[in-house]
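Here is the structure we will look at.
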Amino acid sequence: MFSAPHLVPRRLFSSQICCNIPSSISDKIGRGLLLRANHPLNTVKNLISSHLNSIESFKVEDNLHPKVSTLQCFDDLLIPKDHVSRKPSDTFYFDSNQVLRTHTSAHQSQFLSAGISSFLVFGDCYRRDAIDSTHYPVFHQVEGVKVFASGQNLSSAQVLDHLKSTLEGLIRFGIFKDPELKIRWVDAYFPFTNPSLEMEVWYQGEWLEVLGCGVIQPEIIQRHYPDKNAIGWAFGIGLERIAMRLFNIPDIRLFWSEDPRFLSQFTNSEIVQFQPFSKFPACFKDISFWTSNESVFEENDFYSIIRDIGGDLVESVEMVDDFKHPKTGRQSYCFRINYRSMERSLLNSEIDDLQFRIREKVSEDLHLELR
Ligand code: FA5
Ligand code: MG
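Residue 97 is where the sequence shown starts when you use the numbering used here, and the numbers rise one by one after that.
Structure (structure tokens):
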């Protein structure tokens, strides 16, 4: 979401933004996966909290409501008014001033303003995002912040070193108990930290991004923290990504499962390797269309419709063709929707019906010409 300082035209932000939260999302508010004993996300939360608190005392919050103001989620973090992450195609809005938090960083300013120098905020976050095994519109993060008093006279480089060694210790020793765990640091960009980094962990033959972090922008400390010349670091870890690697959970949809074949594998907060119940057959359907010249095609609007109609029966959506007509300049796309239930075999008629409803809805709402 913050990958580049990408700006969008101001006209996309009409002063009146209406609610774009479908029931499939609002139903997830209050499910409390983090607080549910033995749930893999609860176990990861406890590992993080107890490791960091064994080093020094962090104030821990894990039950703040996900509805926050745009001030908390964006302005207090110096996210420009026209930054892409504020677009209604990326963020769930209640109205122009209130959103479902897109990250736990939304709580930085309130804790800093209270003068709290070390804190962890665990919470559910919401984003309109891609559909695949590591992205879900509702996921969990933990925000970690540590501020060093100005009297300590630390340089930004020293704070960055402290941050990196804290996170490497947490990941290698606190969570995975594996000093050899393969990780790498990648330069990143966030409006609220500088320098900024992301950590990736080796997972199933690929690098998987698990967290973003950096040295807090001095302006944020000056605006909110009592000791104006203090210096600090912050990080935001994706808890599902950690839990997937730790418990070998292959698909992010599983965290929401109420199936006893999933939940019964996690008891006593032990770290066990998830045993997939038999994998049910997948079925894919392609959808091709011309986009309209009159309106901008937002991929996330398309993904949201698919999630609303297909729910968790959609495993992934990938673009398989992208074509610009050489004469007319018209743009066409083909996306492949993979359907697979984690719990049962799907009927052909059921998938045909979902595909039909998705086609109807995208052509109507997104003004696409189906091919
Ligand atoms: C952030 O959200 C920043 N707030 C992190 C941060 C905090 C940076 C403090 C600096 C200081 P990012 O968009 O990269 O950054 O998300 C952080 C992590 O959340 C990702 O690495 C990933 O593990 C997880 N995450 C993000 N989007 C999703 C999603 N749709 N599904 C599952 N996990 C996600
Ligand atoms: Mg990122």
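Ideal Cβ placement from N, Cα and C applies to all residues, glycine included.
Note that the structure is predicted; figures quoted are calculated from it, not measured.
Looking at residue i and the ligand MG, is the gap between the Cβ and the nearest heavy atom below 7 Å?
i	result
F351	no
G308	yes
F98	yes
E302	no
E305	yes
E439	no
E294	yes
By alpha-carbon positions, which one of the options ends up nearest to residue i?
i	options	result
F190	P162, K177, S213	P162
R440	Y429, D449, D408	D408
G308	F362, F331, S181	F331
M295	V416, V306, S153	V306
I121	D225, E315, C430	D225
T139	D228, D178, F362, V255	F362
L131	D283, L143, F154, D158	D158
L167	H320, P377, N396	H320
Look up residue i in the DSSP assignment and say whether it is helix, strand or coil.
i	result
R436	coil
A253	helix
N116	coil
P356	helix
D220	strand
Q194	strand
S110	Low confidence applies here, because S110 scores a pLDDT of 49, under 50, leaving its location unreliable; read the following figure in that light. Note: S110 maps to coil in three-state DSSP.
V368	coil
L466	strand
P105	At P105, the pLDDT of 38 sits below 50, so the modelled position is not reliable; the number obtained from the coordinates is stated separately. Coil, per DSSP.
A202	helix
A100	Residue placement at A100 cannot be trusted, given a pLDDT of 46 that sits under 50; what the coordinates show is reported in the next sentence. In this structure, A100 counts as coil in the three-state DSSP scheme.
Q318	helix
Name the two residues that bound the continuous alpha helix (DSSP H) containing residue i.
i	result
A339	335-343
S391	Premise fails: S391 is in no alpha helix (DSSP H) and is neither H nor E.
G211	Taken as a continuous stretch (DSSP letters only), G211 belongs to no alpha helix (DSSP H), as it is neither H nor E.
I151	136-151
I454	444-461
T166	166-169
Cβ-heavy atom distance between residue i and the ligand FA5 below 7 Å?
i	result
E239	yes
H135	no
R182	no
E315	no
Counting along the chain, where does the beta strand (DSSP E) carrying residue i start and finish?
i	result
G310	302-312
Evaluate the contact criterion for the stretch 264-279 versus the stretch 221-239: three or more CB pairs, one atom per stretch, below 8 Å. no
contact_flag[the stretch 456-463, the stretch 384-404] where n(CB pairs < 8 Å) is 3 or more: yes
Tell me whether the stretch 369-379 and the stretch 340-347 touch, counting them as touching only if at least three CB pairs, one residue from each stretch, are closer than 8 Å. yes
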